[in-house]
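Q: Handing you this structure, nothing more for now.
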Ligand SMILES: [Zn+2]
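Numbering (my numbering), first residue to last: 17 to 188.
Written out as structure tokens, the structure reads:
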């Protein structure tokens, strides 16, 4: 659950109280399928269960509200490999990420291409896109960005390849 801990008032300049921030509009997305190909062996794997995650997306400036995607997705089990994996949703966000690719790209562009300091980029995202990203998070993205894209190029990986980075470990 994403709590108000994300909304650090000191970086918003002008928004001083968490409760003053508008509530996000929730948009539901589904990435739940009865079967998916196993990323290891390619055999069709049944859905084991359905879970959900929340992703912060670029907001709705007209309505003056943030937008959160509630992504419902299936987890699958390959009995051949004994492997659990998630349905592919790499088009929306990186595994374990809390923001969509669109937010990350926008933030990184503001810093790398427009040369904004992290705090200013954070404020800009809030003011112009109604998405709240702590400046330290933006800094992490920018610092990780160069390395990640180099790695991805080196391995020739496509972001849409099913199952990539989607392994999950069983917690039973
Ligand atoms: Zn398999």
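Quick reminder that beta carbons are idealized off the backbone N, C-alpha and C, glycines included. The structure displayed is predicted, hence computed values, not measured ones.
So, is the C-beta of residue 149 closer than 8 angstroms to a C-beta in chain B?
A: Within the model displayed, chain B is absent; a lone protein chain is all it includes.
Q: What does a CB cutoff of less than 6 angstroms around residue 56 pick up in its chain, not counting 5 residues either side in sequence?
A: 97, 99, listed in sequence order.
Q: Per the contact definition of three or more C-beta pairs closer than 8 angstroms, is the region 146 to 160 in contact with the region 85 to 97?
A: Too few Cβ pairs lie closer than 8 angstroms, so no.
Q: At which residues does the beta strand (DSSP E) containing residue 60 begin and terminate?
A: Residue 60 -> beta strand (DSSP E) spans 60 to 76.
Q: So residue 80 and residue 146 are in contact, right, with Cβ under 8 angstroms, and what is the actual spacing, rounded?
A: Yes, residue 80 and residue 146 are in contact; Cβ-Cβ is about 7 angstroms, under 8 angstroms.
Q: Alpha carbon to alpha carbon, how far is residue 144 from residue 77? Give it in angstroms, no decimals.
A: Approximately 7 angstroms between the Cα atoms of the pair.
Q: Specify which residues have a beta carbon nearer than 6 angstroms to any heavy atom of ligand 1, listing them in chain order.
A: Going by the Cβ distance cut-off, the answer is 54, 56, 57, 59, 94, 96, 97, 99.
Q: Going by DSSP in three states, residue 146 sits in which element: helix, strand or coil?
A: Reduced to three states, the DSSP call for residue 146 is coil.
Q: Per DSSP, residue 84 forms a beta bridge with which residues?
A: According to DSSP, which records beta bridges pairwise, residue 84 is partnered with 42, 72.
Q: Name the one or two DSSP bridge partners that residue 156 has.
A: Per DSSP, none; premise fails for residue 156.
Q: My output table needs one value for residue 125: the three-state DSSP class, helix, strand or coil.
A: Residue 125: helix per DSSP, three-state reduction.
Q: Taking residue 99 as part of the beta strand (DSSP E), name the residues at either end of that continuous run.
A: 99 to 102 is the span of the beta strand (DSSP E), which, as asked, contains residue 99.
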